[in-house]
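Please read the structure below before turning to the comments.
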Amino acid sequence: AQSVTQLGSHVSVSEGALVLLRCNYSSSVPPYLFWYVQYPNQGLQLLLKYTTGATLVKGINGFEAEFKKSETSFHLTKPSAHMSDAAEYFCAVIWGGSNYKLTFGKGTLLTVNP
Amino acid sequence: GAVVSQHPSRVICKSGTSVKIECRSLDFQATTMFWYRQFPKQSLMLMATSNEGSKATYEQGVEKDKFLINHASLTLSTLTVTSAHPEDSSFYICSARDQGRTNEQFFGPGTRLTVL
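If you're matching them up, the sequences are chains A and B in order. The working numbering numbers the first residue of the first sequence as 3 and each following residue consecutively. The working numbering numbers the first residue of the second sequence as 6 and each following residue consecutively.
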């Protein structure tokens with residue numbers, strides 16, 4: 003079955019440290035890939051997406067992600083964490099033939115320590 | 006651009022009553038909208054796909070008679086939770102697909118439903 007896996011339900015980093023949030027998908031056919039951020043009691047905001055083209059994708063707030071087909075991964079990174087980055091992050095995919103339905107990973111809560 | 010609103014943002018109701026939640030795309034037309042449910046500290050679960058002018062498509066396990074969806078125009082979809090019970094308490098989020106940007110969904114801010 004197709005699935006989206008986010009390793010680590012909770013990641014804690016120090017302010018200024020590297021942020022790495024992991025996402026893997028299970029499919030032989032690469033889906034469309036997305037990262038969303040959710041602040042408490044709010045909807046989701048798109049950070050970045052990969053559909054086609056360049057495999058290194060830059061998004062908002064200094065985040066970027068690299069699509070690696072051989073590893074079926076789409077990990078999210080940011081060189082230097084800021085306190086305002088503390089939030090829940092969701093990796094999501096649109097599988098081919100799914101009529102644009104998003105399938106979400108379970109989410110990773112990022113905390114940033116001063 | 007690409008703003009989606011939801012109303013109300015928060016609602017408290019008594020068990021047995023019905024609650025209607027609106028989802029609007031403010032600056033684009035959306036032939037397709039999606040309704041999600043999110044339990045505390047969990048991911049979003051797709052409930053149904055709302056298609057303008059036709060019946061909604063429900064995910065497995067979602068009761069269509071309990072969660073009524075209407076998508077009467079290209080900018081408005083509504084979710085009605087009928088005969089609500091405490092177990093229906095949740096965070097409901099809608100999203101809308103911009104026809105001009107087919108691979109992207111824009112999310113509303115969510116509606117917190119509490120059933121007493």
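The beta-carbon is built from N, C-alpha and C at its ideal position, and this holds for glycine as well.
Cross-chain neighbours of residue i in chain B, by beta carbon under 7 Å
i, result
"Asn26 (chain A)", "None at all; the shortest Cβ gap to chain B is about 15 Å."
"Gly99 (chain A)", "Those do not exist, as Gly99 (chain A) stays about 14 Å from chain B at its closest Cβ, beyond 7 Å."
Residue i (DSSP reduced to helix, strand or coil)
i, result
"Glu17 (chain A)", "coil"
"Lys71 (chain A)", "helix"
"Asn63 (chain A)", "helix"
"Glu57 (chain B)", "coil"
"Glu90 (chain A)", "strand"
"Glu27 (chain B)", "strand"
Closer than 8 Å at the beta carbon, the chain B residues around residue i
i, result
"Phe92 (chain A)", "Ser48, Leu49"
"Lys103 (chain A)", "Phe39, Leu51, Thr54"
Within chain A, the residues that residue i reaches when beta carbons sit closer than 9 Å
i, result
"Arg117 (chain B)", "Asn43"
"Arg102 (chain B)", "Tyr102"
Residues that residue i contacts on chain A, provided the C-beta gap is smaller than 8 Å
i, result
"Ile98 (chain B)", "Gly45, Leu46"
"Gly66 (chain B)", "Those do not exist, as Gly66 (chain B) stays about 15 Å from chain A at its closest Cβ, beyond 8 Å."
Status (buried if at least 16 other CB within 10 Å, exposed otherwise) for residue i
i, result
"Tyr41 (chain A)", "exposed"
"Val21 (chain A)", "buried"
"Arg102 (chain B)", "buried"
"His90 (chain B)", "exposed"
"Ile62 (chain A)", "exposed"
"Thr57 (chain A)", "exposed"
"Phe44 (chain B)", "exposed"
"Arg15 (chain B)", "exposed"
"Gln104 (chain B)", "exposed"
Beta-carbon spacing of residue i, residue j below 7 Å
i, j, result
"Ser95 (chain B)", "Gln110 (chain B)", "no"
"Val174 (chain B)", "Gly113 (chain B)", "Outside the displayed span of chain B (6 to 121) sits residue 174 (chain B), for which this structure offers no information."
"Cys25 (chain A)", "Gln4 (chain A)", "no"
"Phe117 (chain A)", "Ala89 (chain A)", "Since the first and last residues shown for chain A are 3 and 116, residue 117 (chain A) lies out of range."
"Ser30 (chain B)", "Lys108 (chain A)", "no"
"Ile74 (chain B)", "Ser55 (chain B)", "yes"
Residue i versus residue j: straight-line alpha-carbon distance, rounded
i, j, result
"Leu112 (chain A)", "Ser14 (chain A)", "6 Å"
"Glu68 (chain A)", "Glu92 (chain B)", "40 Å"
"Lys71 (chain B)", "Gly64 (chain A)", "42 Å"
"Leu63 (chain B)", "Lys69 (chain B)", "According to the sequence provided, residue 63 (chain B) is Tyr. The question's Leu does not apply to it. Between Tyr63 (chain B) and Lys69 (chain B), the C-alpha separation is close to 7 Å."
"Gly66 (chain B)", "Met52 (chain B)", "9 Å"
"Glu17 (chain A)", "Leu23 (chain A)", "15 Å"
"Ser28 (chain A)", "Leu79 (chain B)", "34 Å"
"Leu50 (chain A)", "Thr87 (chain B)", "36 Å"
"Leu118 (chain B)", "Ile17 (chain B)", "6 Å"
"Ser82 (chain B)", "Ala19 (chain A)", "42 Å"
"Lys60 (chain A)", "Gly21 (chain B)", "48 Å"
Within chain A, the residues that residue i reaches when beta carbons sit closer than 7 Å
i, result
"Phe44 (chain B)", "Here the premise fails: no neighbours, minimum Cβ distance about 11 Å."
"Phe112 (chain B)", "Gly45, Leu46"
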